[in-house]
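In the working numbering, the protein residues as written are 217 to 547.
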């Protein structure tokens, strides 16, 4: 298919761009405009793969530009967003502008261009702390941070375009994706980069919350499968492993794999406001098996260890590690 992919320069987006090209799709890859012409993580991928993409620069907050870029495409895969939870406490307006208004701009562009399917990226953060586990798509939505509230708004906007205008939408809701190229604001890169820098006291936020970590190539494959789905339109589908682990346990595994002998400490600056912290995430992925024909290849305790080992290998490469600042807390 001819696919317009937003957020292609980001963590998941760059992996998805690769997956789409290797699966035979024609990719128009949107990178955030910047004055130095950087294509983000796409600048680091295989040159032959990148050469098979049409890379464009822009900003989803510009409705006219999005309308132009959507023309001639069959599908829109919308991954562009502001995602850092701590920064959403600082700049909530920007999250509304990007995550809600930006999504609306793309929905309007899709409608005008006659897009055959609009694949939207949600997040497990919209569920908030688990009210029951495993968490299926019917779980209550809780805006426990400005970020999660903005994504709930975007999700509802997408749903409204299905019900109001019959735009063929699918909303994919990934749980906690990890792997090479992830932002330094995420917990796994935070742990690995500090250990790789030789630190013995690792500064983290709360150690007790649980997460359902999904390796990034599994997430990318789930999104690609959405291009082939024949059901699930107007609905949400979780992408998760169905396995939970605490942040403290995650630290222990990485510490062991790296042979670091370090200890984890809770840094007050990294701890979310009490009522904003999501204490537990643990997915039910049965719908993904039915709607997408997808299930994770990397799963369970041993799968998690294997995924972490691959992530460590990437981050500890000096070329990659140089892109991170382990001495600084990235909001």
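Glycine included, C-beta positions come from ideal geometry on N, C-alpha and C.
At which residues does the beta strand (DSSP E) containing residue 480 begin and terminate? 479-482
Sequence-distant residues of its chain with Cβ nearer than 7 Å to residue 445 (five each side left out): 386, 507, 508
Can the beta-carbon of residue 306 be found closer than 8 Å to that of residue 547? yes
If you scan the stretch 320-399 from start to end, which runs of the alpha helix (DSSP H) of 4 or more residues do you find wholly inside it? 362-381
Nonlocal neighbours in the same chain, by C-beta distance under 7 Å from residue 346, ignoring five residues either side: 496, 497, 498
For the alpha helix (DSSP H) that residue 280 lies in, which residues bound it at each end? 279-286
Can you list, in chain order, the residues of its chain with a C-beta nearer than 6 Å to that of residue 341? Leave out the 5 residues immediately preceding and following it. 364
Could you give the DSSP three-state label for residue 227: helix, strand or coil? helix
Measuring alpha carbon to alpha carbon, tell me which residue in 354, 487, 368, 450 is nearest residue 381. 450
Going by C-alpha distance, which of 329, 330, 352, 327 is nearest residue 339? 352
Quick check: residue 482 and residue 423, are their CB atoms within less than 8 Å of each other? yes
Identify which residue in 285, 276, 322 has its Cα closest to the Cα of residue 310. 276
Pick helix, strand or coil for residue 499, following the three-state DSSP scheme. strand
Buried or exposed by the 16-neighbour rule on C-beta atoms within 10 Å, applied to residue 333: buried
Write down the C-beta distance between residue 542 and residue 416 rounded to the nearest angstrom, noting that I regard them as a contact closer than 8 Å. The pair is not a contact, with the Cβ atoms about 12 Å apart (cut-off 8 Å).
Apart from the five residues just before and just after residue 249, which ones in its own chain have a Cβ nearer than 7 Å to its Cβ? 273, 274, 275
The beta strand (DSSP E) that contains residue 248, what's its start and end? 242-248
Below 8 Å on the Cβ atoms is my contact criterion, and I expect residue 326 with residue 292 to pass it. Report the Cβ-Cβ distance as a whole number of Å. 5 Å
Helix, strand or coil at residue 263 according to DSSP, with G and I counted as helix: helix
Using C-beta distances below 7 Å, list every residue in its chain close to residue 409, excluding the 5 sequence neighbours before and after it, in chain order. 400, 531, 537, 540, 542
Below 8 Å, how does it come out for the stretch 456-471 and the stretch 514-531: are there three or more Cβ pairs, yes or no? yes
DSSP bridge partner residues for residue 292 (one or two, in chain order): 220, 334
Contact between the stretch 313-329 and the stretch 475-492 is defined here as three or more beta-carbon pairs at a separation below 8 Å; is this criterion met? no
Within 8 Å (strictly less), CB to CB, does residue 338 reach chain B? You won't find chain B in this structure, because it holds only one protein chain.
Could you check what DSSP says for residue 547 in three-state terms: helix, strand or coil? coil
Drop a sphere of 10 angstroms on the beta-carbon of residue 330, count the other beta-carbons inside from all chains shown, and report buried for 16 or more, exposed for fewer. exposed
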